[in-house]
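> So for the sequence shown, the UniProt record's numbering puts the first residue at 1; every next one is plus one. All C-beta atoms in this analysis are idealised placements derived from N, C-alpha and C, irrespective of residue type, glycine included. Below are the structure tokens for one structure; questions will follow.
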Amino acid sequence: MTKTIEKSGEFAGWFTWTDDPYEHETAGPFYFKVDEQGPVAAFRVERKHLNANGVVHGGCLMSFADFALFALGHGTTEGFTGVTVAFSSEFVDAVVENERLEARGDILRDGGSLSFIRGIVSGEDGRPVLNFSGTIKKRRERKPL
1 MTKTIEKSGE
11 FAGWFTWTDD
21 PYEHETAGPF
31 YFKVDEQGPV
41 AAFRVERKHL
51 NANGVVHGGC
61 LMSFADFALF
71 ALGHGTTEGF
81 TGVTVAFSSE
91 FVDAVVENER
101 LEARGDILRD
111 GGSLSFIRGI
121 VSGEDGRPVL
131 NFSGTIKKRR
141 ERKPL
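Put into structure tokens, the structure is as follows:
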């Protein structure tokens, strides 16, 4: 995956993976960076992220959390591609349009082929909205033919 830096707007200076059409165009766009507290992933809720009740769709929150697994653990996957092989989450609170969400977390264990990561998605006011954990299976990057 190719990291691309956002050049303008609210997330100027943040990274994204523009070659992932689902995360960047359909479910996102989602962003990440490393700040003084460590890795963080974020996005601004748009109308397309809402369900019929006017709150963020659970599938969107889980998609963002899956993105966050890789953002939080991106240092562990240098030279590898990765796939999520296990994912768990619990919904804690609802999120409305225009709210900015952030995910922070920890790498619990980084082995040769598996990384175990956990995190929390929080709203702008710091309240937790989703608890998540997952396992990334690392695979060697393949050279193009």
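Leaving aside the five residues before and after serine 63 along the sequence, list all residues of the same chain whose C-beta is less than 6 Å from its C-beta, in chain order.
For this step, residue 63 is matched to residue 63 along the sequence shown. Closer than 6 Å at Cβ, skipping near neighbours: Ala27.
> Leaving aside the five residues before and after glycine 13 along the sequence, list all residues of the same chain whose C-beta is less than 8 Å from its C-beta, in chain order.
Position 13 of the sequence shown holds residue 13. Correct list, in chain order: Ile5, Glu6, Lys33.
> With a 10 Å radius around its C-beta and 16 neighbouring C-beta atoms as the bar for buried, classify glutamate 102 as buried or exposed.
Walking along the sequence shown from the start, residue 102 turns up at place 102. Its Cβ being crowded by 16 or more others within 10 Å, glutamate 102 is buried.
> DSSP on arginine 47, reduced to helix/strand/coil?
Locating residue 47 in the sequence shown gives position 47, counting from the first residue. Residue state, collapsed to three classes: helix.
> Pop quiz: alanine 41 and alanine 68 are said to be a contact at Cβ under 8 Å. What is the actual Cβ separation, rounded to whole angstroms?
To locate residue 41, count along the sequence shown from 1; it is residue 41. To locate residue 68, count along the sequence shown from 1; it is residue 68. About 4 Å separates the two Cβ atoms, so the contact holds.
> To the nearest whole angstrom, what separates the beta carbons of leucine 130 and alanine 65, a pair I think is in contact under 8 Å?
For the purposes of this step, residue 130 is taken as residue 130 along the sequence shown, with counting starting at 1. For the purposes of this step, residue 65 is taken as residue 65 along the sequence shown, with counting starting at 1. Confirmed, about 6 Å.
> Which residues mark the beginning and the end of the beta strand (DSSP E) in which alanine 103 is found?
Along the sequence shown, read from residue 1 onward, the residue named residue 103 stands at position 103. Run containing alanine 103: 100-110, per the beta strand (DSSP E) assignment.
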